[in-house]
Amino acid sequence: MKVAHPVMLRAIAAAKKKNDKIDAGKIADCLRCDFLPECHMASTEIRDPIKCALS
1 MKVAHPVMLR
11 AIAAAKKKND
21 KIDAGKIADC
31 LRCDFLPECH
41 MASTEIRDPI
51 KCALS
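Residue numbers (the numbering used here): 1 to 55.
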């Protein structure tokens with residue numbers, strides 16, 4: 001499973017002609033060309049101490 005950074009996918013969000021089939025094609029093209037801007041979730045070992053520190 002890949003998670004894309006939504007801000008970096010402006011081409012899809014800004015498109016005038018939008019539907020799921022077109023959006024899926026654009027995402028597939030980005031994946032195929034390794035252009036999909038991924039984001040990562042920190043592991044629980046990293047998130048928990050930060051969460052406790054901010055509380």
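Glycine included, every Cβ here is placed at the ideal spot set by N, Cα and C.
Proximity of His40 and Val7 at Cβ, strictly below 9 Å: For His40 and Val7, no; Cβs fall outside 9 Å.
Secondary structure of Ala11, DSSP reduced to three states: Note: Ala11 maps to helix in three-state DSSP.
Length of the line joining the Cα atoms of Glu38 and His5: Going by the C-alpha atoms only, they are around 5 Å apart.
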